[in-house]
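Novice: Just dropping this structure here.
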Amino acid sequence: MSSADEILYGRDTLRYVRLALLVVPLLLMVAIVIYGLLNGKVEDSISSYYLGPSRDLFVAMLVSTGVLLVVYKGAPLEDYSLNLAGFYAIFVALVPTRLGQTLSSLTSSAQIQLIRSVQISIVAVLVVSAVFVWLEWNTKKWTPRALHTSKLSTILSLSSTVALVAFIGLLFWRSIEGTDFAGVHYAAALLLILSMGVAIASHLGREDLCEVDTSGGRPIHYAVLLILMALGIIGWFVLNALGIAQALFIVEWYEIGLFSYFWYLESRRLWEAPTPREKLGD
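Per my numbering, the very first residue in the sequence shown carries number 288; after that it's consecutive.
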């Protein structure tokens, strides 16, 4: 196989990573629609399906999305933010919301089994993540300085790192505590959204966020996405204050829709992106 073929296959791989990130949420969407039609109800959040018949698809969707986000490579700030988003997505999948309520309905032995399951999952993900970071550190072609090309990029990258350290501290605390893992699911979900927001912001065509313009001539699309994501978080508080039981469910799918649209934009922008060899006219 020639180096030219390898470059083309690499481009095709990224094409389908983007497409997968666009369509993977459809797995859970189809399952939830079928579940709703058969049972005549909609749960109050996506994670409420964790212990139901859609559990496997719920976990599969989020874990596969997390892995794809880590696999995908972009400019330094985008790459770092997507790695963090992928990391958080896995914990949204593995640590269900309102676990305390679920535990109260189980027998003592079942409670211990469920808690141990979550603890093992957390430790396993942290160990694998540590190994991945070590390998990335020893094989990467960019240095942390690439994240600090401007005051704004420095603030965003350092803030993201501080949030990561705080989240890992929360994971250790709740794992040692071994009860309902309070706050882990919501913290992971919020940090996932914020990390995706930073990744999207890197496409605004601003040199202080990315040295290369990756807006594709449509910076307004990415700006609107950021505004809509922020409005979604505000919307959750509003809907919750109004007493709407499905407030979290609505906002979660709203954000997933925006997430999918972002990957639609990226697929469209980069589908026919030239390889380095083609850029040189070879």
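Even for Gly, the Cβ is constructed at its ideal location relative to N, Cα and C. Computed from a prediction, not measured in an experiment: that's the story for all the values here.
Check whether the region 512-529 and the region 438-456 are in contact - that is, three or more C-beta pairs closer than 8 Å.
Specialist: With the cut-off at 8 Å, the region 512-529 and the region 438-456 do not touch.
Novice: Ignore the nearest five residues each way along the sequence and tell me which others in K566's own chain have a CB closer than 8 Å to its CB.
Specialist: Taking the sequence shown and counting its residues from 1, one reaches residue 566 at position 279. Per-residue confidence for K566 stands at a pLDDT of 49, beneath the threshold of 50, marking its modelled position as unreliable; no derived number is given.
Novice: What do you reckon, are the CB atoms on G353 and G323 nearer than 8 Å?
Specialist: On the sequence shown, position 66 is the one that residue 353 refers to. On the sequence shown, position 36 is the one that residue 323 refers to. Cβ atoms of G353 and G323: not closer than 8 Å.
Novice: How many angstroms separate the CA atom of I480 from the CA atom of E542?
Specialist: Here residue 480 corresponds to residue number 193 of the sequence shown, with the count starting at 1. Here residue 542 corresponds to residue number 255 of the sequence shown, with the count starting at 1. Answer to the nearest angstrom: the Cα atoms are 8 Å apart.
Novice: Using the three-state DSSP reduction, which class does W550 fall into: helix, strand or coil?
Specialist: As a first step, residue 550 is located in the sequence shown; it is residue number 263 there, counting from the start. Helix.
Novice: For M483, which residues from the same chain have a beta carbon less than 6 Å from its beta carbon, with the 5 sequence-adjacent residues on both sides left out?
Specialist: By 1-based counting over the sequence shown, the position of residue 483 is 196. Contacts found: A372.
Novice: The ligand GTP and E559: does any heavy atom of the ligand fall closer than 7 Å to the residue's C-beta?
Specialist: The ligand content of the structure shown is nil, which means the ligand GTP is not present either.
Novice: By Cβ distance below 7 Å, which residues in the same chain neighbour A362 in space, the five residues on each side in sequence not counted?
Specialist: Taking the first residue of the sequence shown as 1, we reach residue 362 at position 75. So the list reads S489, C497, V499, T501, once near-sequence residues are dropped.
Novice: If we count the other Cβ atoms within 10 Å of its Cβ and call it buried at 16 or more, is N370 buried or exposed?
Specialist: The sequence position of residue 370 within the sequence shown is 83, counting from 1. So N370 counts as buried.
Novice: Please report how far the alpha carbon of L478 lies from the alpha carbon of E539, in whole angstroms.
Specialist: Here residue 478 refers to the residue found at position 191 when the sequence shown is read from its first residue. Here residue 539 refers to the residue found at position 252 when the sequence shown is read from its first residue. In a straight line, the C-alpha of L478 is about 13 Å away from that of E539.
Novice: Please check the pair A380 and F345, which I expect to be a contact at CB under 8 Å, by giving their CB distance rounded to whole angstroms.
Specialist: Working through the sequence shown from its first residue, we reach residue 380 at position 93. Working through the sequence shown from its first residue, we reach residue 345 at position 58. Between F345 and A380 the Cβ distance is about 7 Å, and since that is below 8 Å, they are a contact.
Novice: Quick one: residues in its chain with C-beta nearer than 6 Å to the C-beta of F378, no 5 flanking neighbours on either side, listed in chain order?
Specialist: Taking the sequence shown and counting its residues from 1, the one referred to as residue 378 is at position 91. Answer for F378: A475, listed in chain order.
Novice: According to DSSP, is L306 part of a helix, a strand, or is it coil?
Specialist: Working through the sequence shown from its first residue, we reach residue 306 at position 19. Helix.
Novice: If you measure between the beta carbons of L306 and S462, is that distance less than 8 Å?
Specialist: Along the sequence shown, read from residue 1 onward, the residue named residue 306 stands at position 19. Along the sequence shown, read from residue 1 onward, the residue named residue 462 stands at position 175. Cβ atoms of L306 and S462: not closer than 8 Å.
Novice: Would you kindly work out how many angstroms separate the C-alpha atoms of L386 and A469, rounded to a whole number?
Specialist: On the sequence shown, residue 386 is found 99 positions in, with the first residue counted as 1. On the sequence shown, residue 469 is found 182 positions in, with the first residue counted as 1. Their backbone Cα atoms lie some 8 Å apart in a straight line.
Novice: The alpha helix (DSSP H) with F459 in it runs from where to where?
Specialist: Locating residue 459 in the sequence shown gives position 172, counting from the first residue. Run containing F459: 438-464, per the alpha helix (DSSP H) assignment.
Novice: Pop quiz: H472 and V382 are said to be a contact at Cβ under 8 Å. What is the actual Cβ separation, rounded to whole angstroms?
Specialist: Walking along the sequence shown from the start, residue 472 turns up at place 185. Walking along the sequence shown from the start, residue 382 turns up at place 95. Yes, they are in contact, since the Cβ atoms of H472 and V382 sit about 5 Å apart, within 8 Å.
Novice: Run through DSSP, which three-state label would Y359 get?
Specialist: Within the sequence shown, numbered from 1, the residue matching residue 359 stands at position 72. Coil at Y359, not helix or strand.
Novice: Check this for me: beta carbons of P506 and G519, under 8 Å apart or not?
Specialist: Numbered from 1 along the sequence shown, position 219 holds the residue referred to as residue 506. Numbered from 1 along the sequence shown, position 232 holds the residue referred to as residue 519. Cβ distance not < 8 Å, so P506 and G519 don't count as in contact.
Novice: Which residue marks the beginning of the alpha helix (DSSP H) containing Y473, and which one marks its end?
Specialist: As a position in the sequence shown, residue 473 is number 186, starting the count at 1. Residues 471-488.
Novice: Buried or exposed for M288, going by 16 or more other Cβ atoms inside 10 Å?
Specialist: As a position in the sequence shown, residue 288 is number 1, starting the count at 1. Below a pLDDT of 50, predicted positions are generally treated as unreliable, and M288, at 49, falls in that range; no measurement from the model is reported.
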